[in-house]
Structures are given as C-alpha cells and as structure tokens.
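Quick note on full-length UniProt numbering: the sequence shown kicks off at 1 and runs consecutively. Just so it is clear, CB atoms sit at the ideal spot from N, CA and C, and this is done for glycine as well. Here the structure is a predicted model, which is why all the values come from computation and not from measurement. Read through the structure below, which is laid out as structure tokens, and then see the notes.
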Amino acid sequence: DYVRPISECDHIASVSAYGISQLDKLHNMVLPFILRREKATVLDDLPPKIISDVWCEMSSAQHEIYRSLLQRFSSNVSPEDSKKKPKETLNLLRLLMLTCVHPWIVMEIVDQDFRVPNHSDEGLEMSGKLLALRDLLWECGIGHQDYNMGSTKEEVEEEEWEEQTSQIPDQHRCLIFAQHRSALAAVERHLLARRLPSVGHLRLDGATPPGDRQALVDRFNEDESISLLLLTTKVGGLGLNLTGADTVIFLEHDWNPQNDLQAMDRVHRIGQKRSVNVYRIITKGSIEEKISSTQKFKLEVSKRVINEDNEDIATDQADTGLWEILEHFQVSAELQRVNNLDSAVSHSQQLVAGKLGLCTTAVLDDSAVEEARMTGAI
Numbered sequence: 001d002y003v004r005p006i007s008e009c010d011h012i013a014s015v016s017a018y019g020i021s022q023l024d025k026l027h028n029m030v031l032p033f034i035l036r037r038e039k040a041t042v043l044d045d046l047p048p049k050i051i052s053d054v055w056c057e058m059s060s061a062q063h064e065i066y067r068s069l070l071q072r073f074s075s076n077v078s079p080e081d082s083k084k085k086p087k088e089t090l091n092l093l094r095l096l097m098l099t100c101v102h103p104w105i106v107m108e109i110v111d112q113d114f115r116v117p118n119h120s121d122e123g124l125e126m127s128g129k130l131l132a133l134r135d136l137l138w139e140c141g142i143g144h145q146d147y148n149m150g151s152t153k154e155e156v157e158e159e160e161w162e163e164q165t166s167q168i169p170d171q172h173r174c175l176i177f178a179q180h181r182s183a184l185a186a187v188e189r190h191l192l193a194r195r196l197p198s199v200g201h202l203r204l205d206g207a208t209p210p211g212d213r214q215a216l217v218d219r220f221n222e223d224e225s226i227s228l229l230l231l232t233t234k235v236g237g238l239g240l241n242l243t244g245a246d247t248v249i250f251l252e253h254d255w256n257p258q259n260d261l262q263a264m265d266r267v268h269r270i271g272q273k274r275s276v277n278v279y280r281i282i283t284k285g286s287i288e289e290k291i292s293s294t295q296k297f298k299l300e301v302s303k304r305v306i307n308e309d310n311e312d313i314a315t316d317q318a319d320t321g322l323w324e325i326l327e328h329f330q331v332s333a334e335l336q337r338v339n340n341l342d343s344a345v346s347h348s349q350q351l352v353a354g355k356l357g358l359c360t361t362a363v364l365d366d367s368a369v370e371e372a373r374m375t376g377a378i
C-alpha cells in the first residue's frame with residue numbers, strides 16, 4: 001500500500017499526488033510510536049562532522065572489465081530469467097563494486113580468460129579509486145616520506161628542500177572503510193606495501209579473532225605512530241570507540257546509509273576533540289552512483305516520515321520537493337550517466353537495471369543485501 005506508490009511517484013500529477021498522500025498517511029501512522037532525537041541536538045559540544053564526496057574516474061582497465069561484466073550478464077541471463085536468478089544478479093553487483101576498487105580483485109575471482117589484454121593486473125595506476133585514496137592521504141599528511149623517497153636534503157638544493165617540507169600538511173589519523181576484505185587487501189597490496197611502506201597501519205575485519213579486536217582498537221587509539229586503520233563496515237562499524245582518528249574514508253559504500261553513518265560515528269562521538277572529516281570516494285559512471293542515490297533516497301524518506309518536531313509532511317517546507325527526492329531513485333536516469341562507455345554498454349546497463357529492479361525491491365530488502373555480501377563482505 002505504501003512502498004510502490006511512494007517509490008513510483010514521478011512528475012505525473014495524479015501519480016505524484018497519490019504518492020505524497022500515501023507518504024503523508026505513513027508519516028502520521030508512525031508519529032505516535034517514534035520520536036527522533038538526533039545526536040547534533042543532544043550532544044551540542046561535539047566538534048563538527050564534515051562529509052564530502054570525492055569523485056574519481058575509472059582507469060582504462062576498469063572500463064574494459066566493467067563493460068565485459070555487463071556484456072556477460074546480458075548474454076547469459078535474459079530479462080525473463082533475471083527475477084528467477086537473484087543470486088546471479090547480486091553476484092554481478094558485487095563484481096561491479098569490486099571492479100571500482102581495483103581490477104586485480106575481479107581478475108582473482110573470475111576465470112583466467114577474463115584478464116584484460118595489454119594490461120597487467122598489478123599497479124596503482126590501474127585503479128582510479130586507489131589514486132584518489134593516495135591523494136586524500138597526502139592531504140591528510142600521511143605518507144609524505146614515501147612520496148619523497150630518494151629526495152634527501154643532500155640530493156636537492158636547500159631552498160627546494162624547504163619548499164617541499166613546507167607543503168606537508170598537519171598529519172591526521174584515518175579510518176578506511178570497505179565492504180569487502182578483498183578491497184582492503186587491494187589497498188594493502190597496491191598502495192601501502194608498494195607506495196607507502198613507512199605508513200603504520202592495522203587491519204580489522206572478519207578474519208580478526210573476536211578476542212583480539214578490542215586490543216587492536218586500543219592499540220590504534222594509543223599509538224600515534226599508527227596512521228591508518230583498515231576496517232570492513234560490518235565488523236568495524238558498530239560498538240567501537242575510535243576517537244584516536246579524526247578522518248574517515250569510505251572506499252566502498254553500503255546500500256543501507258545507516259550502516260555508513262554508524263561507521264563514521266566510531267570517530268565522531270563523545271571523547272572526540274577535533275573536527276571530523278568524512279570522505280566518500282565515488283567512481284563516476286558506475287554502480288556506486290546508484291548506491292549513492294539510493295542512500296540519499298532512503299535518508300530523505302526517513303527524514304520526512306520521522307522528524308524531530310513531528311511535523312506533518314504537508315507543512316514541510318524543505319527546499320527539495322518530494323518528486324525531486326524520488327527522482328534520485330529513478331534507475332534509468334542514473335545508469336544512463338555512465339561515462340566513456342559505448343552505446344552497447346549503456347544498453348547493457350539499462351538491461352541490468354531492469355533485471356536488478358536495480359533493485360527497487362532487492363535493495364530495500366536488507367536480507368537481499370546480506371545475501372549479496374555473503375561471498376566476501378567481511
């Protein structure tokens with residue numbers, strides 16, 4: 001009675017009016033039972049939390065693998081069969097997400113003939129996302145010794161040396177969240193081990209024994225020589241106090257925005273004395289754009305159904321109209337924005353969208369998201 005009218009609301013006056021009326025009815029039904037009090041109003045002494053989106057481009061290898069995955073799916077699964085094969089669809093989602101991190105991950109998973117010609121599976125340059133991560137760490141003052149390897153004071157002029165060192169920003173300490181352990185492995189293998197070997201880091205994921213996790217958290221908070229903590233959102237996103245960091249970077253993103261909000265609040269909580277910066281690295285023209293729009297949709301609907309003042313939706317004078325919020329959830333509009341892919345691939349993306357519902361139903365169902373995570377989420 002509510003999900004379909006609200007999710008299918010568009011610019012057609014009659015449909016839009018019905019969707020708004022159903023959302024208003026849902027809002028009034030839950031008001032007597034739920035009262036939201038946000039942290040910002042209860043803990044007014046917390047430092048600010050600043051959330052920024054950092055956009056990156058795919059490398060040529062990522063484009064080729066992304067295209068190949070879509071074409072394989074389109075050729076192997078017909079539109080009629082797609083709803084009967086949710087596992088194939090969810091597995092495609094996982095592979096597309098991992099491709100956005102680094103092609104090496106997908107090359108390790110699929111068969112050997114999937115390797116991209118004329119590309120090695122090694123190297124930081126094969127991943128636009130890891131390059132963006134490297135630049136973010138630079139801005140956080142992390143890894144400057146490695147960037148200047150070979151440039152000792154004796155090897156450069158004194159004036160040039162002073163210019164280099166004066167550009168180094170104050171060092172911050174960071175959490176890096178990902179959905180998959182293999183994404184964290186790619187960060188360690190292609191960025192930290194090869195380009196930033198002097199950067200101290202720890203890793204907390206599903207492979208970490210439960211009995212060792214609190215000791216690892218305490219070590220990170222107490223030892224300022226450890227600049228990075230790599231975590232999976234499912235393991236490190238709840239119940240931990242990580243105020244030793246002041247920066248959070250999301251390498252991958254959860255379909256449920258509350259999971260990401262909980263993860264970033266491991267840092268932004270009682271005991272934090274510094275401003276907290278949160279960076280979400282999003283790959284242009286990819287499934288990550290869809291995840292981002294889905295998160296916005298869910299947060300906006302939640303905001304309108306449950307708000308602090310228990311206002312009626314009809315009196316909500318927010319700048320963004322309901323149809324604009326729902327527009328974020330239109331699958332075809334998002335997937336048609338894929339950059340630098342030929343028309344065949346664009347067609348494949350639209351075809352995939354129809355098969356996934358991309359997935360208006362599967363995404364809203366958290367059990368479906370859990371099924372998508374089963375093969376390597378933690």
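By the 16-neighbour rule on beta-carbons within 10 angstroms, Val276 is buried. For the pair Ile249 and Ile270, the CB atoms are not nearer than the 8 angstroms cut-off.
With a threshold of 16 other beta carbon atoms within 10 Å, Ser198 falls short and is exposed. Ranked by Cα distance from Ser127, the options Gln179, Val3 and Tyr66 are led by Tyr66. DSSP links Val278 through a beta bridge to Ile51 and Val248.
Beta-bridge annotation (DSSP): His201 is paired with Leu228. In the three-state DSSP reduction, Ile270 falls in the coil class, being neither helix nor strand. Assignment of Leu98 by DSSP, reduced to helix, strand and coil, places it in the helix class.
Distance between Leu251 and Arg266, taken at the CA atoms: about 16 angstroms. Contact fails between the region 18-27 and the region 94-109, because fewer than three Cβ pairs, one in each stretch, are under 8 angstroms apart. Taken through DSSP and simplified to helix, strand or coil, Thr283 comes out as strand. Lys129 sits close to Thr283, with the two beta carbons spaced by under 8 angstroms.
Per DSSP, reduced to three states, the secondary structure at Ile142 is coil, with no helix or strand assignment. Taking a cut-off of 8 angstroms for Cβ pairs, the region 174-190 and the region 223-232 touch, as three or more such pairs fall below it. When rounded, the separation of the alpha-carbon atoms in Arg274 and Arg304 is 31 angstroms.
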